[in-house]
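To keep things clear, I will list the structure first and then write my remarks on it.
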Amino acid sequence: MANKSHYEELIEKIHFHNYRYHVMDSPIISDAEFDKLLNELKRIEAEHPDWITADSPTRRAGAKPADRFDKVRHPAPILSLANAFGADDARAWLERVSKIDDRVEKAKFVVEPKIDGLSVVLHYRDGVFVQGATRGDGEVGEDITQNLRTIRAIPLKIPVSGKQSSVISVPKYLVIRGEAFMPVKEFEALNRKLEEAGEKTYQNPRNTAAGSLRQLDPELTASRPLTILVYQIVHAEGGKVPTSQWELLEYLKALGFPVTDIAKRFDDFEKAIAYTESWEKKRDELDYETDGMVIKIDDLTLAAELGFVGKDPRGAIAFKFPAREVTTTLNDIGVAVGRTGVLTPYAVLEPVEIGGVIVERATLHNFDYIAEKDIRVGDRVLVKRAGEVIPYVIGPVVDARRGKEKKYKPPTKCPACGQDVEHFEGEVAWYCVNAACPAQLVRNIEHYVSRGAMDIEGLGIKIVEQLIESGLVKDVADLYSLKRDQLLALEGFKDKKTDNLLTAIENSKGQSLARLIAALGIHGVGEVMAGDLAAAFPELEALSKSSAEELMQIEGLGPNIAESIVDWFARSSNQKLLKKLKAVGMWPKGGKSKVEGRMSNAFDGLTFVVTGTLPTFSRDDAKAFIESHGGKVTDSVSKKTSYLVLGENPGSKFDKAKSLGVKIIGEGDLKKLAK
Ligand code: IVH
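Just so we're aligned, residue 198 is where the sequence shown starts under the numbering used here, counting upward by one.
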C-alpha cells in the first residue's frame, strides 16, 4: 500500500527528471526508468484518485477535446515590439529614447534571440500551473491550458524541485510570457513522416506550432514536438521579482523554466549591436527559427517608465534580420518518387541567392498545394528559405503574370517507370505502386530482405545497389535466380560472402506466407495485417483474386486498405512478379508460426501493440504468442491499447504510447504476464 508522502515524493522526482530531459537536455535516468516512475504514479493514482494533485505529471495527458476555447483576459497587456532594420535604425531608436530619459545613456542592454513562434502566457498560482493562453489581441487571448500542459518543457510546478535553487521564493500569483515553437529538426522529421503517410505537409515550423496549439484535442497537441523559451514576467502578486531583464532571465531559469542560453548583457550599445549582427550569419545554428534579435534595456523600471508607442514598449527594439524570401521564375515543376512510392512535386527555379545560398529547387509540398495556390509554370514565385528548412514556394506573384504562364496538371504516370499513378482515399498524395519501379527498387528490395520481412542477412543497401547496377536484379524475384559465378564477378565478393548470401536467399524460401505478404510492400499492409491476411487466405493465389468485400470481412481491415490490396494485385507488373516468385519456389502456404494453439486466457480482453525489434520473438511470433493467450494485436496505439510491447529501435508508436500513458513492457514482461 502506498502512502501519501511517497506519492508526493514521486511527483517531485518525476518533475525533476522531466526537467533534466526537456529543459536541460541532459537526462540522468533512462527512458525506461522514467516510464517506470510514471507507471508507478499512475498505479497509485488509480488506487487513490482523491490524492491526485493539480500538478501531477499524469495531467499532461488524457484531457478531453474541447468544443471551443474560452477567452482569458490578460492581467497586463501582452505587448508587441517596434522593429529596427539594421544598425542605424537601432542607433536612431537609442537616440530617441535617450532624449526622453537621460538615464538611458548609462543603461545596460540585454540581447536575446527573437524566436519565431507563438507568444503564450502562463499563469502560476502558489507555484502551480493553472492556466495558459494565447496572446490574442494583446488584451484577451484564448484559453489553451490543456494544450500547453502537454509541452513537457513547461513546468507544472515551480520551483522545479530537486534543483539547488528550489529554495527560491515564488510570488503567490505569477504570470510568465514566452514563445512556444517547434524545433526545426522536429518540424522536418514531422513533415517527412506526413509525406510518407501521404498526408499534407506543413509549410513552416511557425504555422505548425500555431496550428498544433490551437487544436481542440490536446492529444493531437501532445503528439507534436513543441517546446518553449520564456523571457518576460507579465504580472506578479504576493512576492518579489527581479527588476532587471538579465536577473529576470536568471530567476526564471532558477525556477525551472527554459530560458535562452545565448542572451548577453552589454554596457556598451555598440557591442550589443555587434553581438546582434553576429547572429545573422549564425542563425541556422539555432534549433528554432529566428527573424532577428531583441535588444532590451536591462533596467525594467526605466524601461516601463519610458512608456509605449501604440502597442510597442519604448524600452526594447526588435532588430530584424533581412528576410530570406525572394521572387524568382518558376521554370518547371519536377516530380520526385519517394521512399514509399509517394510522388512529390518540386519547383525548378531560375537560380537565385537567398541569404547567401543559391537556391535552384524548392518544395511544392503536394499537388493539392499547387492547385490551391494556383501556381503556374512560368510564374514569378515567392520563395522562402528559413533556417535549415528546405526552401519552399510560398505562392505566385499574380500581378507579375503576362499571360504565358501554364496551369499545371499532375502526372498520371510515374515519372520513373511510366506506370499509372494511384490515389488512396483520405490521403492527398499520389503514389506509384509498381513494385518494380526503378525509383523504388532499391528500397523495395531493402524492405523485402529486412528483418520483419524475408530476413535475408548480408543484403545491405550497398550490395542491393550493386546488384541493381550490374543488371542482375530487376525485381525481388531475381534474387532467387542469382548464380554463384555472377556474384563472384562483382567487386568485393569472395567465396565465403557469396556462399553465405546464396544460402540466406535460399533459406528465405522457408519463411511464412505472412512474412511474404508483408515483404511485398503493399500500401497500408504492415506485419500485423499481413498475418491476418495469411490466416484468412492460406493461398497467395486466393488472396490475389480476392475482392474488396471479401477482404473487409477481416477485422480491422477497412475499405481503403482493401482497395489498396486489390489494386496492388491487379497490376500486371505485380502479377508478373508473383509468377516469377512462384516459378523460383518462393511460394509459402499460410501456415502457423512457432507458437500454436490456445495456451491460456491470461490476455483475455487485452489489446497489444508491438514496436521495434524484440530480443527473441519475430513480429509473427509475438502476435501468435499474444493471441494464443487470448489477447489481440493491433497496428496502432490508441487510448484502448492495454500494453505497448517495446523492442529496440522503436518507431513513433513509442512516443504515442508515452503521450497517451499506455503501459510499456518488454518481451520478458510479456512472457511473465502470460504466466
Ligand atoms: S519581448 C514587452 N522577447 O516577438 C515585451 N519578444 O515582434 C515584448 N518574441 O510579440 C516582447 N522572442 O511574440 C520579446 N526574446 C523575445 C522574443 C519576443 C520572440 C516575439 C513576441 C513578440 C514579437 C514582437
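Idealized CB from N, CA, C, for every residue including glycine.
Model, not experiment: these values are computed from the prediction.
For N200, does the count of other Cβ atoms within 10 angstroms reach 16, so buried, or fall short, so exposed? exposed
Considering N280, what are the terminal residues of the alpha helix (DSSP H) in which it resides? Premise fails: N280 lies in the beta strand (DSSP E), A279 to A281, not in any alpha helix (DSSP H).
Given a threshold of 16 other Cβ atoms within 10 Å of its Cβ, counted over all protein chains shown, does A251 qualify as buried or as exposed? Per the 10 Å Cβ criterion, exposed.
Please confirm whether any heavy atom of ligand 1 lies closer than 6 Å to the CB of S277. yes
Pick helix, strand or coil for K659, following the three-state DSSP scheme. helix
Can you list the alpha helix (DSSP H) stretches of 4 or more residues lying completely in the stretch 364-389, in chain order? none
When DSSP labels each residue in this structure, what does W290 get in the three-state scheme? helix
Span of the alpha helix (DSSP H) holding K853? S849 to L857
Compute the minimum distance between the beta carbon of A515 and the heavy atoms of ligand 2, and state whether it is under 6 Å. Among the ligands present in this structure, namely ligand 1, ligand 2 is not found.
Close beta carbons around S366, own chain, < 7 Å, minus the five adjacent residues each side: Excluding residues within five positions, the ones whose Cβ falls inside 7 Å are G436.
Delimiting residues of the beta strand (DSSP E) encompassing G592: Y589 to P593
Can you determine whether any heavy atom of ligand 1 sits closer than 6 Å to the C-beta of P380, and answer yes or no? no
Counting only runs of 4+ residues fully inside the stretch 665-689, write out the alpha helix (DSSP H) ranges in chain order. 681-685
Enclosing alpha helix (DSSP H) for W443 [first to last residue]: Q442 to L452 is the extent of the alpha helix (DSSP H) around W443.
Got a sec: does ligand 1 put a non-hydrogen atom nearer than 6 Å to the Cβ of S316? yes
Simplified DSSP assignment, three categories, for A626: coil
Per-residue burial, E205 [other beta carbons within 10 Å of its own, 16 or more giving buried]: Around the beta carbon of E205, a 10 Å sphere encloses fewer than 16 other beta carbons of the protein chains shown; the residue is thus reported as exposed.
N215: buried (16+ other C-beta within 10 angstroms of its C-beta) or exposed? Buried, since its Cβ has 16 or more Cβ neighbours within 10 Å.
Mind checking who G329 pairs with in its DSSP beta bridge? L319
Heavy atom of ligand 1 within 6 Å of I714 beta-carbon: Annotation for I714 indicates a beta carbon at 6 Å or more from all heavy atoms of ligand 1.
If you check the beta carbons only, do P735 and K786 fall under 7 Å apart? yes
Beta-carbon separation (whole angstroms), L540 vs A597, contact threshold 8 Å: Not quite, the Cβ-Cβ distance comes to about 28 Å (not below 8 Å), so this is no contact.
What are the partner residues of V549, as DSSP defines its beta bridges? Partner(s): V556.
Rounding to the nearest angstrom, what Cα-Cα distance links S833 and R265 in this structure? 28 Å
Consult DSSP for V532 and reduce its assignment to one of helix, strand or coil. For V532, the secondary structure class from DSSP, reduced to helix, strand or coil, is strand.
Is the closest heavy atom of ligand 1 to the C-beta of P352 under 6 Å? no
Looking only at DSSP bridge pairs, what is H620 linked to? W627
C-alpha gap between A715 and S253, whole angstroms: 42 Å
Cβ-Cβ distance between H432 and P272 below 7 Å: Yes.
Got a sec? Which residues, its chain only, sit under 7 Å from V792 by beta carbon, not counting five neighbours each side? Low confidence applies here, because V792 scores a pLDDT of 40, under 50, leaving its location unreliable; read the following figure in that light. Within the same chain, V792 has close Cβ partners D818, A821, F822 and S825.
Using 7 Å as the threshold, is the C-beta distance between G881 and V269 below it? An answer regarding residue 881 cannot be provided, because it is not within the stretch 198 to 872 covered by the chain.
For L371, which residues of its own chain have a beta-carbon under 6 Å away from its beta-carbon, when the five flanking residues on both sides are left out? Y321 and A433
Distance, Cα to Cα, A520 vs K478? So the two alpha carbons sit approximately 13 Å from each other.
Assuming V381 and L426 form a contact by the criterion Cβ under 8 Å, report the distance between their Cβ atoms to the nearest whole angstrom. Not really, about 14 Å apart at Cβ, beyond 8 Å.
What is the rounded straight-line gap between the Cα of G782 and the Cα of D675? 12 Å
Under a Cβ-count criterion, where at least 16 other Cβ atoms within 10 Å of its own Cβ denotes burial, should R389 be classed as buried or exposed? exposed
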